[in-house]
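Student: Same order as they appear, the protein sequences are chains B and D. If you use my numbering, the first sequence closes out at 247, no skipped numbers anywhere. If you use my numbering, the second sequence closes out at 222, no skipped numbers anywhere. Glycine included, C-beta positions come from ideal geometry on N, C-alpha and C. Input: one structure, supplied below.
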Amino acid sequence: MVDDSAAVRERLLALCAQLPGIELCGGAGSVEEAAALVRRERPDVLLLDIHLGALTGFDLLRQILPERPELEVIMITSGAIAPYQAMARRFGVRHLVDKARDVARLPGLLGEQARARLTVE
Amino acid sequence: MSQLVKAAETAAEPLGQQYLTFGLGPEMFAIRILSIREIIEYGGLTSVPMMPAFVRGVINLRGSVVPVIDLSARFGRGESEVLRRSCIVIAEVERDGERQELGVMVDSVSEVLEIPPRDIEPAPAFGARLRPEFIRGIGKVDGRFVIILDIGKVLDVEEMAALSALTEPAE
Chain B
127 MVDDSAAVRE RLLALCAQLP GIELCGGAGS VEEAAALVRR ERPDVLLLDI
177 HLGALTGFDL LRQILPERPE LEVIMITSGA IAPYQAMARR FGVRHLVDKA
227 RDVARLPGLL GEQARARLTV E
Chain D
52 MSQLVKAAET AAEPLGQQYL TFGLGPEMFA IRILSIREII EYGGLTSVPM
102 MPAFVRGVIN LRGSVVPVID LSARFGRGES EVLRRSCIVI AEVERDGERQ
152 ELGVMVDSVS EVLEIPPRDI EPAPAFGARL RPEFIRGIGK VDGRFVIILD
202 IGKVLDVEEM AALSALTEPA E
């Protein structure tokens with residue numbers, strides 16, 4: 127869970143903690159912290175904010191996707207998501223969620239990921 | 052998968068080169084998405100009396116009052132009309148070490164894309180119909196030119212305040 131706002135991070139981590147089949151790897155507030163966390167914890171799914179202070183979620187993906195091409199990424203931002211869609215697709219990101227208005231989509235998306243992994247294992 | 056390989060191939064690119072492109076009048080502009088917080092539909096503005104023409108009004112963004120700048124008016128090209136695809140781009144600028152959110156009214160928002168430094172040329176010294184300090188460079192995107200703005204300069208709060216003092220009616 128990567129977001130530069132500690133309040134948003136806490137809120138989303140609390141939301142994820144209630145979902146069955148999901149184990150939280152932790153939260154990070156910057157690209158640097160997030161890259162270290164992904165390398166250490168090796169999560170299956172990354173919830174990733176687009177605007178991360180001095181850098182962007184895309185900058186993080188550029189660093190970690192070459193090492194973790196199978197990582198499933200759900201990008202989150204506030205407001206309109208359409209302008210980001212083409213860029214997200216270039217990085218193989220299938221899901222973009224408006225965290226201000228559409229946070230209710232997250233449990234479903236995360237549940238899908240959890241179920242997909244259970245089936246594989 | 053080929054998309055991911057593409058991302059890997061460009062891993063050596065400098066970071067933070069993503070730009071939001073948008074239309075204003077006949078031209079395409081771009082700002083680095085590092086300075087952008089979010090993009091919202093145009094609406095919900097409260098006009099504020101005695102403000103210069105380039106301050107369109109204020110909006111309530113999750114409880115904070117955010118001034119909205121009419122970019123066309125700020126460029127001295129007259130007030131923008133509200134169009135079907137008009138948007139407000141919420142940008143964050145720094146003033147005296149403090150971050151401030153400002154809205155920027157644009158005709159339409161296109162997309163976020165990457166413009167590597169090699170595709171950016173310095174701003175022309177003349178002929179751009181825009182104050183040269185507002186321009187960071189001219190980017191080439193699919194054979195089109197986009198004017199990359201220095202949003203810190205465009206939204207320089209002190210300069211805008213000085214301008215508004217000039218336009219205040221004399222007593």
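Would you check if the region 227-242 of chain B and the region 162-173 of chain B touch, i.e. whether three or more CB-CB distances between them fall below 8 Å?
Tutor: Verdict: yes, contact present.
Student: Would you call K225 of chain B buried or exposed, if buried means 16 or more other Cβ atoms sit within 10 Å of its Cβ?
Tutor: Buried, because 16 or more other Cβ atoms sit within 10 Å of the Cβ of K225 of chain B.
Student: Would you say the region 125-134 of chain D touches the region 169-178 of chain D, given that touching needs at least three Cβ pairs under 8 Å?
Tutor: No, they do not touch.
Student: Taking only the alpha-carbon atoms, compute the straight-line gap between E89 of chain D and V109 of chain D and give it to the nearest angstrom.
Tutor: Rounded to the nearest angstrom, the two C-alpha atoms are 16 Å apart.
Student: With distances taken Cα to Cα, identify the nearest neighbour of S137 of chain D among D:E143, D:V144 and D:S123.
Tutor: Out of D:E143, D:V144 and D:S123, D:S123 has the C-alpha closest to the C-alpha of S137 of chain D.
Student: Taking a cut of 8 Å between CB atoms, which residues from the region 210-234 of chain B lie near chain D?
Tutor: The region 210-234 of chain B vs chain D, Cβ under 8 Å: Y210, Q211, A212, M213, R215, R216, F217, G218 and A226.
Student: Just verifying my parser: in three-state terms, what is the DSSP assignment at A133 of chain B?
Tutor: Residue state, collapsed to three classes: helix.
Student: Would you please verify whether the beta carbon of G205 of chain B is less than 7 Å from any beta carbon of chain D?
Tutor: Taking Cβ atoms only, chain D reaches closer than 7 Å to G205 of chain B, which makes this a yes.
Student: For the 8 Å Cβ check, are there 3 or more pairs between the region 182-199 of chain B and the region 146-153 of chain B?
Tutor: Flag = no, the region 182-199 of chain B and the region 146-153 of chain B do not touch.
Student: Can you list, in chain order, the residues of the region 153-182 of chain B whose Cβ is nearer than 7 Å to any Cβ on chain D?
Tutor: Cβ contacts with chain D come from H177, A180, L181 and T182.
Student: Just to confirm the assignment, what range does the alpha helix (DSSP H) spanning E167 of chain B have?
Tutor: Run containing E167 of chain B: V157 to E167, per the alpha helix (DSSP H) assignment.
Student: Within 10 Å of its beta-carbon, does S98 of chain D have 16 or more other beta-carbons around it, so buried, or fewer, so exposed?
Tutor: Looking at its Cβ environment, which holds fewer than 16 other Cβ atoms inside 10 Å, S98 of chain D is exposed.
Student: In its own chain, which residues sit with a C-beta less than 8 Å from the C-beta of G120 of chain B, not counting the 5 before and 5 after it?
Tutor: Residue 120 of chain B lies beyond the range of chain B shown here (127 to 247); nothing can be said about it.
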